[in-house]
Amino acid sequence: MRNDARGWVLMEAVILGCIVLSAAAVLGIFARSALLAEQSAARMDAAFLARQELSGMEAGLEHGAFPTVSAPSVRVNDVTYTLRADVVRQGDFYDVTLHLSWRVLGCAETADYVRRMKRYDTQAAP
Numbered sequence: 008m009r010n011d012a013r014g015w016v017l018m019e020a021v022i023l024g025c026i027v028l029s030a031a032a033v034l035g036i037f038a039r040s041a042l043l044a045e046q047s048a049a050r051m052d053a054a055f056l057a058r059q060e061l062s063g064m065e066a067g068l069e070h071g072a073f074p075t076v077s078a079p080s081v082r083v084n085d086v087t088y089t090l091r092a093d094v095v096r097q098g099d100f101y102d103v104t105l106h107l108s109w110r111v112l113g114c115a116e117t118a119d120y121v122r123r124m125k126r127y128d129t130q131a132a133p
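Sequential numbering of the sequence shown, starting at 8, is according to the numbering used here.
Now the structure itself:
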């Protein structure tokens, strides 16, 4: 090796190492953001599904039906949500707790939604 090239190989190795480390960091950040995007989308779908189920229960209550889930599991955007409702009647009110659970990319998640419902008399008193 020539005397004037001494130290350049070490400098090139350090620079190449920094490039490889920064590429690995960028790929890690990209993978994490993709995972968070999938989890956020599934959580948002769960919120909309819960709103739909609770509204359906409340509408059914107006027709004399006891509040129950429409189906034990629902598939939305390639994610299967498991639904379970706990209903406690207190006088004229129904306290409904809707439990949703799902799996996204191997991670299990759950969410609970609570609503108090009442059947209203739609006929006016004479």
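Where a beta carbon is used, it is the ideal one built from N, C-alpha and C, also for glycine.
In the displayed model, A92 falls within a strand according to three-state DSSP. Rounded to whole angstroms, I36 and D119 show a C-alpha spacing of 30 Å. Closest option to A78, judged by alpha-carbon separation, among E69, R91 and H70: R91. DSSP places L107 in the uninterrupted beta strand (DSSP E) bounded by F100 to V111.
Out of R126, A48 and L34, the CA that lies nearest to the CA of V83 is found in A48.
In the DSSP assignment, D119 is bridged to H106. The beta carbon of Q46 is closer than 6 Å to those of V111 in its chain, skipping five residues each way along the sequence.
In the three-state reduction of the DSSP assignment, R50 falls in the helix class.
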